[in-house]
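Numbering (our numbering), first residue to last: 18 to 645. I have placed the structure first, in the form of structure tokens, so that the comments after it can refer back to it.
Here it is in structure tokens:
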């Protein structure tokens, strides 16, 4: 292992250790997060109480109301009118659900609150093969806060009435379902839902008809409250938790998000285009046709670390303008579907930015190179394990010139090993600056750069880290089997040994075979490099680090995407084959002859060498003066 390879690997190690260090919170941060979570939960509970206060204030009156308000006695009717005003007739009703669906989604709409209370994605299953439900009635809420002269109400407390038409949308048929909240003769608020064709978008239009005298004149906005607990859909709950959060996009700005590891409520301090409740592979997104206002708008993300059923709680309070006209409308769309790059990109709303493909250059590599090649191979109908194999070969071919340049640089350094050892003996116990000067002069005469092998390693790193983000975020790999792996998007467990405190924290509670193969192949390359490409310049303690690093990767990849471990295993084996190939076909005798010929040529001193000589002279003069 030459100095250049060591520098490159040290850089990779430094980045990986730094990343792992930053991802691991300190005990103080964990305690802070716990206190923050408790605080946010209390805030959320208070908001929920406020959100339903109109029913909670007088539950006895509501429970006494029969199905038909006209059958109640006049005293109770007077109480209801006094309490709920124009919404008195909507306090009671039949709690029923209607369905709109196409070939991709099925959405249940409840008469209680007129809301979409559950959504099923037909083409996907949970990890246990049960239907994939994004959210259900018990774990979600959706409603408008209406401030009137009497009180503040929420539409989720009232019963809506379906308005004609077909309540089922199938195939390419375009249809709609209107849920109406009556507020007296000729006055109503309604949600107009529509599905057009086979896509994951549900149209949702809020209509206010003759409500200008119902909503207080001094109110310019309604608050739309939307919240859900996201159920566990995948086998690895920790990976789901670290990939789930709330994304949002301000108008005319790039999308942003709440950090996946934090419990946070964030104020939306300008006009907003959309808000996404993102799970690992699926999302629920609300999109304004125009924009949501900033008055009273915020979003919340809270982790569930003690629940086996739910991963996180998401909530959004979105501000909808009210114009106080005879007919006032606000258009929205609701996306319920997969976090699939092409699917989200087709809407031209930057929705694809919720897929974590890396920042800066890593994202550009994934978007411009990795995804197009992956899709091209996918269109051939190949197994995803074979797709990863072909993808690995393609990238190894692309990067072969860099690997070849690194190998040649290592070979040159190995040829110079006897000369470097001679310099080390000559200057042993003497001024290190003179030794460095002599070494640099040797490199200059031989025409060898000690850093020539480092640059190719650095140029390969962006692709390495781009793929580190691509595989875990690719829904295409979800539930795709290959060999013993049942799902390439998560770990390929061949043995689950249960709870062992320290081992579980460092390694996990299972053994991933692809991660083991990746580790073994990395150790093979380390051994191969140290024996076949030894230059004698290995730093003290470096050998231990080189053999220790693969085990650090093992502890990380054991719980990660098996598709990623499989890719690294393939890349390592191809690299090993390339090394054997270059070792056999590169003629070191010709290389040595070229170096010897370079040594005999007159060499012009570089500016760096001139500076070293100047520093040496100045240092010698100072030492001589001290002796006098």
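The beta carbon of each residue, even a glycine, is placed where N, CA and C say it ideally should be. The model shown is predicted, which means the values in this text are computed figures rather than measured ones.
Per DSSP, the beta bridge partners of residue 292 are 265 and 303. A direct Cα-Cα distance of roughly 10 Å separates residue 309 from residue 238.
For the 8 Å CB-CB criterion, residue 388 and residue 295 do not form a contact.
Secondary structure note for residue 150: its beta strand (DSSP E) is the uninterrupted segment 148-152.
Within a 10 Å sphere around the beta-carbon of residue 445 sit fewer than 16 other beta-carbons, which makes this residue exposed. Closest in C-alpha terms to residue 128, from the list 248, 538 and 109, comes 109. Around the beta carbon of residue 392, fewer than 16 other beta carbons lie within 10 angstroms, which makes this residue exposed.
Distance from the CA of residue 144 to the CA of residue 282, rounded to the nearest whole angstrom, comes to 30 Å. Cα atoms of residue 245 and residue 331: separation of roughly 6 Å, rounded to the nearest angstrom.
Using a Cβ distance threshold of 8 Å, residue 328 and residue 612 do not count as a contacting pair. A straight line joining the alpha-carbon of residue 210 with that of residue 226 spans about 17 Å. In this structure, the alpha-carbon of residue 515 lies about 5 Å from that of residue 526. Within the model, the alpha-carbon separation for residue 574 versus residue 284 is close to 36 Å.
Going by beta carbons, residue 153 and residue 135 fall inside the 8 Å limit. Under the three-state reduction of DSSP output, residue 491 falls in the coil class, being neither helix nor strand. Taking C-beta atoms as the reference points, residue 303 and residue 349 count as a pair closer than 8 Å.
In this structure, the straight-line span from the alpha carbon of residue 132 to that of residue 317 is close to 20 Å. Of the other Cβ atoms in all chains shown, 16 or more fall within 10 Å of the Cβ of residue 240; this residue is therefore buried.
Contact check for residue 175 and residue 104: beta-carbon distance about 6 Å, within the 8 Å limit, so the pair qualifies. Using a Cβ-Cβ distance cut-off of 8 Å, the region 333-348 and the region 211-219 are not in contact, since fewer than three pairs of beta carbons, one from each stretch, lie closer than that value. When DSSP states are grouped into helix, strand and coil, residue 197 belongs to the strand group.
Minimum Cα-Cα distance from residue 321 among the listed residues 314, 376, 427 and 247 corresponds to 247. Considering only 339, 130 and 438, the residue with the shortest C-alpha distance to residue 229 is 339.
Measuring C-alpha to C-alpha distances from residue 336 to each of 117, 314 and 490 identifies 314 as the nearest. By the C-beta density criterion, residue 298 is buried, having at least 16 other C-beta atoms within 10 angstroms.
In terms of Cβ geometry, residue 256 and residue 536 do not form a close pair [threshold 8 Å]. Closest option to residue 609, judged by alpha-carbon separation, among 497, 213 and 428: 428. In the DSSP assignment, the residues bridged to residue 125 are 116 and 135. Runs of beta strand (DSSP E) with 3 or more residues, each lying fully within the region 218-272, are found at 218-226, 238-248 and 262-267, listed in chain order. Among the bridge pairs identified by DSSP, residue 338 is matched with 238. Closest in alpha carbon position to residue 155, among 326, 358, 592 and 513, is 326. Residue pairing from DSSP leaves residue 140 without any beta-bridge partner.
The Cβ atoms of residue 212 and residue 117 lie closer than 8 Å to each other. Three or more pairs of CB atoms, one per stretch, sit closer than 8 Å, so the region 568-586 contacts the region 518-534. Annotated as distal: residue 411 and residue 440, with beta-carbon spacing of 8 Å or more. If you draw a straight line from the Cα of residue 140 to the Cα of residue 251, it is about 15 Å long.
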